[in-house]
Amino acid sequence: MLKRTAIACALLASLSACKQTSQVVTPTSSLQPVSDFRTYSAETFFDTTSISGSAFSPDAKKILVNSDESGIFNLYEIDVGTGVKTQLTKSPDSTYALKYFPKDNRLLFTRDNNGNERFHVFVRHEDGKVHDLTPGKDVRAKFVGFSNDEDAFYILSNKRDQRFMDLYRFDAKTYESELIYKNDKNLSVERVSETDRYIALVNAQGNKDSDLFLLDLNSPEAKPVEVSNVPYEANFSSSAFSKDDKYLYYSTDAHGEFYQNWRYNIATGEHTPYVVQDWDIRFLYFSDSDRYRVVGVNEDSSIKVTVTDLNKQKDIKLPKLPAGSIKGVNFSDDEKLMSFYLNSDTSPSNLYIWQVGSDSVKQLTSTLSEKINPAHLVESTIARFKSFDGLEVPGVLYKPKQATPTNKVPAMIYVHGGPGGQSKTGYSARVQHLVNQGYAIFAVNNRGSSGYGKTFFHLDDKKHGEDDLQDIVWSKKYLQELDWVDPERIGIMGGSYGGYMTAAALAFEPEEFKLGINVFGVTNWVRTLESIPPWWEAYKKSLYEELGDPEIDGERLRRISPLFHAKNITKPLMVVQGANDPRVLQVESDELVDAVRSNNVPVEYVLFEDEGHGFSKKENRIEASQAYLDFLKKHL
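For the sequence shown, this note's numbering assigns the number 11 to the initial residue and increments by one for each residue that follows.
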């Protein structure tokens, strides 16, 4: 529930980042006037159901998903034949599906405690009883997969040392566990090979350099063999093993601006390019038999998904679908059925089932509120502008239906999380609610964002709150040139790193924006970097390389931290915080609110007692969206 701290005005809650993985389909224009246009409440927008996950049962008659239709994510089974949903869990904490057991209807799932990010792995028995496989107050665990013989499964856990994730093998009947790999060298286990012989490991040397290793579990004395094969800084990560363990497929930016997928012959050590595009290869995986390959390419803020039948060496063509983008492709064990989600800016994800090769698909869910006419929603466009130094910066732009040259609308610049995140196309109830109410949204992918090449990505290294902030200032100048935007009514908002950028904009460019909404945002970089959760130990080097080491770069980190410059903030500010946030501690927001309040500036503080770094509960999202709207109506 929402704990309200009234400071000046109405309440506002957070805009958590929602990244989509989607295949872009050219939409029809949403900018034409709609004669019966109407606006909808926050409750109506969040009457929409969020759904994800698509694990087939062993007999392929059911699909296991996560859905928040009850108000919080819980597990449901969807009957493939009828589309009927059956709720399996009723937890007060968000619960996420992992996988059915291969030989029965037991299943694995994961959840944390009120957003503390200490996820455990649970088994749900066929009688509905639940058992925590990874107990312990400070334990954090992650499911890896089932063994080749299906008699065991693998879990990563930090129960030995909070800093390091070790690999354990669990017996699928008794749940007894055995330590398989002790992570005493701070190498991150990425995956276990198809025959259980190898594990792929990554050592993060920094945000420009990560090394990929292969360890042979059949040889007790074996040491990790380095797969990353270039004598210069580059990032490597594993994608998949072939079914026979002949090949390891990996992703790397070693050979150009973008991530390519390469293939490593384990026996010979030969490296060959496998899938190469002019954009990042975001993911690559195979169906169980290796017949079908699924590839996602991060193409200009949308993920384009391609499914290839490797037996025929042809991309498969789906029957005619509504306009939208596919994601979450999965196959049944016999590979006769393929499930996937379809998503667009104006339609939340819906689950579809396709009998491979047939002439039609079946839609299993309908997630948009029945009260909303999709024609009243807005499709985005990709906009670009030149920043202060001539750099071209992209963003995802939403133009309200109400906007015309004679009815100019206010606008909010939205900054994504990260550092290094990316705003993408796809449905967002939060965004559509504000746009439906007449507020333009420009989700800027400032320098330092992923998806636009490694040079672009590294342009803000140790320049945060400086060069990237200027991109945001210049995005405002771009909006001011649009004949349908009111140039005097432009604000800024963002979550996580975007929350930091919001506070930084108000502190370091105090006259640029009419207001700011800081959601779960960093305000004191020194404290944040000193209080990194222990399970981030493997990535500490990367964070320090990008942002700075507080022991070495303390002076610069204080210079770019809004808390130490709060006296400059003169425009209305909203601060949103989760009490259980392990990344941005509550004290960060407490202190910023106190400091800005002393300036006699309108400040609104919203503290969610039952959230962490983002939203997990629908009632909180509703409260938040209504609070956004109230705040903007009052101050913008």
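Each residue gets a CB set at the ideal place from its N, CA and C atoms; glycine is no exception.
Quick caveat: nothing in here was measured; it's all calculated off a predicted structure.
If one requires a minimum length of 3 residues, the beta strand (DSSP E) runs lying completely within the stretch 115 to 182 are 117 to 121, 130 to 134, 140 to 142, 151 to 156, 162 to 171, 174 to 181, in chain order.
Counting only residues of its own chain and dropping the five nearest sequence neighbours on each side, Ser433 has a CB closer than 6 Å to the CB of Val406, His426, Ala453, Asn455.
Residues of the same chain with a CB within less than 6 Å of the CB of Thr533, apart from the 5 flanking positions on each side, are Ala513, Pro572, Leu573, Glu598, Leu602 in chain order.
Tyr185 is classed as exposed because its beta carbon has fewer than 16 other beta carbons within 10 Å across all chains shown.
Taking C-beta atoms under 8 Å as the contact rule, Lys381 and Thr54 qualify, at a distance of about 5 Å. Residue pairing of Gly624 in beta bridges, as defined by DSSP: Gly622.
Looking at the backbone, the Cα of Leu118 and that of Ser626 are separated by about 20 Å. Annotation: the continuous beta strand (DSSP E) that includes Ala107 extends over 105 to 110. Rounded to whole angstroms, the separation of the alpha carbons of Tyr449 and Glu491 is 16 Å.
By the CB criterion at 8 Å, Gly475 and Met503 fall outside the cutoff. Annotated three-state conformation of Pro544 is helix, per DSSP. Bounds of the beta strand (DSSP E) holding Ile61 are 61 to 66. The shortest C-alpha to C-alpha distance from Leu387 to any of Ser299, Asp600, Pro332, Pro358 is the one to Pro358.
The shortest CA-to-CA distance from Trp484 to any of Arg457, Lys473, Phe466 is the one to Arg457. Here the C-alpha atom of Ala151 lies approximately 13 Å from the C-alpha atom of Asn126.
In the DSSP assignment, Asn630 forms no beta bridge with any residue.
Leu479 has its alpha-carbon roughly 11 Å from the corresponding atom of Lys486. One alpha carbon belongs to Glu519, the other to Ile542, and they sit about 28 Å apart. In terms of CA proximity to Gly531, Pro429 leads the group Pro429, Pro497, Lys473, Leu331.
Gly279 and Arg292 do not touch by the CB rule: their CB atoms are close to 27 Å apart, not below 8 Å.
A distance of 8 Å or more separates the beta carbons of Glu243 and Asp221. Fully contained in the stretch 560 to 595 are the following beta strand (DSSP E) runs of length 3 or more, in chain order: 583 to 588. Taking 8 Å as the cut-off, the beta carbon of Val529 is found no closer than this to the beta carbon of Ala421.
Our two residues, Val75 and Pro241, have alpha carbons roughly 44 Å apart in a direct line.
Taking C-beta atoms as the reference points, Arg121 and Asp103 count as a pair closer than 8 Å.
Annotation for Ile482: the continuous alpha helix (DSSP H) segment containing it runs 477 to 490.
The beta carbons of Leu347 and Gln373 sit no closer together than 8 Å. In terms of Cα proximity to Glu547, the closest of Thr377, Ile326, Asp194 is Asp194. Under the DSSP assignment, Ser552 falls in the alpha helix (DSSP H) whose first and last residues are 550 to 557. In this structure, Lys95 keeps its C-beta atom at 8 Å or more from the C-beta atom of Ala65.
In the three-state DSSP reduction, Lys372 falls in the strand class (E or B). By the C-beta density criterion, Gln323 is exposed, having fewer than 16 other C-beta atoms within 10 angstroms. The beta carbon of Phe132 lies closer than 6 Å to those of Phe119, Val140, Asp142 in the same chain, with the five residues before and after it left out. The DSSP-derived three-state label of Asp319 is strand. Ala107 and Asn446 have their C-alpha atoms roughly 32 Å apart. Ranking Met175, Gly461, Val149, Phe341 by CA distance to the CA of Tyr549 puts Met175 first.
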